[in-house]
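The opening position of the sequence shown corresponds to residue 63 in the numbering used here, with each subsequent residue numbered one higher.
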Amino acid sequence: MATSMLGSIRGPSPLGLPGLFRRRPPRDVWERARRLPGPSAVRRSVAATSGPGIPGSDHYCLELLRKRDYESYLCSLLFPAGCRSSVSALRAFNVELAQVKDSVSEKTIGQMRMQFWKKAVEDMYCDNPPHQPVAIELWKAVKRHNLTKRWLLRIVDEREKNLDDKAYRSIQELENYAENTQSSLLYLTLEVLGVKDLHADHAASHIGKAQGIVTCLRATPYHSSRRKVFLPMDVCVQHGVSQEAFLRRNRDKNVRDVIYDIASQAHLHLKHARSFHRSVPARALPAFLQTVTLEDYLKKIQRVDFDIFHPSLQQKNTLLPLSLYIQSWRKRY
């Protein structure tokens with residue numbers, strides 16, 4: 063179990079980026095980070111490169127990210143200019159699929175929406191995308207970078223399977239879900255960057271799994287407010303914790319031990335991903351900037367002794383744009 067391998071996660075030494083400021087960044091890095099392009103600037107830059115389709119569809123994707131997945135929005139701004147619109151389209155596609163589960167009252171309706179996206183993906187590869195902003199931008203990305211269709215379809219298929227309101231039976235089941243969704247998204251992002259490298263793929267697999275685990279943890283307070291629990295049942299059973307304990311927002315030791323074990327597994331995947339960093343091509347690094355946000359959450363949850371319901375975990379990190387910029391400048395993940 064991750065507990066035995068990561069015993070230090072609960073000790074005084076922080077999870078995180080050791081020596082983040084060991085090398086001093088250029089004097090103007092702080093000022094440059096403050097000048098990251100905002101929505102209006104991005105709108106002007108992408109409007110100049112818009113191809114055929116729905117006017118403003120590129121801006122629609124950016125706005126969707128800014129409102130629904132702010133961390134991915136920030137990361138997208140740090141990609142090379144020629145890749146930003148494609149990366150935004152991929153992330154917007156992910157948001158569209160992710161919000162289906164919470165926006166429908168019946169599973170049948172959710173399945174209908176997933177079928178729409180399956181057909182949309184098929185139509186993109188026939189140069190006949192539906193008249194929908196995200197679909198139009200995703201079609202442009204497919205044409206521009208020759209994206210692999212099976213990764214897109216695998217994301218839709220896995221999201222459709224996940225429409226059932228059932229907890230994951232095991233941590234491995236959660237990891238499989240994360241591999242088929244988050245890791246697949248990273249494989250596509252690497253294709254946008256023109257990276258074909260085995261080490262980069264291995265890193266993407268582990269980072270995607272860490273992303274899926276952290277997303278499950280972060281969503282636990284929201285899900286419990288809706289009388290739902292999706293945390294892996296095998297970890298809960300191991301510590302004698304029932305779903306009712308999370309619905310009641312218990313904060314006792316056994317509940318925190320469950321969170322500790324799950325967070326440890328995410329940390330382990332980050333550690334594995336970083337073991338490839340010397341072999342991963344430099345141009346692949348923008349795809350892995352989200353490790354900054356994962357590390358930030360794991361640090362925060364460690365500081366509150368793995369109390370998943372602690373109010374501080376719901377607060378935004380105002381220094382996140384700066385942290386992302388520094389990691390981008392350092393060319394690390």
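Glycine included, each C-beta is placed from N, C-alpha and C at the ideal position.
Between the C-alpha atoms of asparagine 312 and leucine 279, what's the straight-line distance to the nearest angstrom?
Taking the straight line joining both Cα atoms gives about 15 Å.
On the criterion of 16 or more Cβ atoms from any shown chain inside 10 Å, does tyrosine 284 qualify as buried, or is it exposed?
exposed
Using 10 angstroms around the beta-carbon of asparagine 156, count the other beta-carbons present and answer buried if the total reaches 16, otherwise exposed.
The C-beta of asparagine 156 has 16 or more other C-beta atoms within 10 Å across all chains shown, which makes the residue buried.
So, helix, strand or coil for histidine 301, using DSSP?
DSSP places histidine 301 in coil when its eight states are reduced to three.
Three-way DSSP call (helix, strand, coil) for isoleucine 269 in this model:
helix
At least 3 beta-carbon pairs within less than 8 Å: the region 316-328 vs the region 360-374
yes
Just the Cα atoms here: how many angstroms apart are alanine 325 and glutamine 177?
34 Å
Contact the region 251-271 vs the region 180-198: 3+ CB pairs below 8 Å:
no
If distances are taken between C-alpha atoms only, which option among His261, Ser245, Ser304 comes closest to isoleucine 269?
Ser245
Please determine, among Ser287, Val291, Lys333, Glu168, the residue with the shortest C-alpha to C-alpha distance to glutamine 273.
Lys333
Quick one: using the 10 Å Cβ neighbour count with 16 as the cut-off for buried, is glutamate 237 buried or exposed?
buried
What are the start and end residues of the alpha helix (DSSP H) that includes lysine 169?
169-186
Between Pro117, Ala143, Leu140, Ser147, which has its C-alpha nearest leucine 124's C-alpha?
Ser147
Using only the alpha-carbon positions, how far apart do aspartate 227 and tryptophan 201 sit?
31 Å
Whose CA, out of Thr277, Leu375, Tyr135, Leu351, lies closest to the CA of lysine 404?
Lying outside 63 to 395, the shown extent of the chain, residue 404 is not represented and no answer is given.
Mind checking asparagine 208: buried by the 16 CB within 10 Å criterion, or exposed?
exposed
Ignore the nearest five residues each way along the sequence and tell me which others in arginine 130's own chain have a CB closer than 6 Å to its CB.
Val157
Measuring CB atoms only, is the region 157-167 touching the region 212-223, in the sense that at least three cross pairs come out at less than 8 Å?
yes
What residue from Arg212, Asn224, Trp213 has the CA that sits closest to glycine 172's CA?
It is Asn224.
Among Val303, Leu309, Ile275, the one whose alpha carbon lies nearest that of histidine 329:
Ile275
Can you tell me the Cα-Cα spacing of arginine 336 and tyrosine 230, whole angstroms?
27 Å
For methionine 186, is the classification buried or exposed, using 16 other Cβ atoms within 10 angstroms of its Cβ as the cut-off for buried?
buried
Which same chain residues, not among the five before or five after proline 343, have their C-beta less than 7 Å away from its C-beta?
Val257, Asp259, Ala262
CA-to-CA distance, glutamine 305 to phenylalanine 292, given in whole angstroms
9 Å
Rounded to whole angstroms, what's the CA-CA distance from cysteine 137 to arginine 340? Just pull it up for me.
22 Å
Under 9 Å between the Cβ atoms of valine 196 and leucine 126?
yes
Closest by CA to leucine 381, which one among Glu133, Pro117, Arg128, Gly118?
Glu133
Would you call lysine 409 buried or exposed, if buried means 16 or more other Cβ atoms sit within 10 Å of its Cβ?
The displayed coordinates of the chain run from 63 to 395. Any statement about residue 409 would go beyond what the structure contains.
Is the CB-CB distance between valine 303 and isoleucine 233 below 9 Å?
Cβ distance not < 9 Å, so valine 303 and isoleucine 233 don't count as in contact.
Please state if the CB of proline 142 and the CB of leucine 214 are separated by a distance shorter than 9 Å.
no
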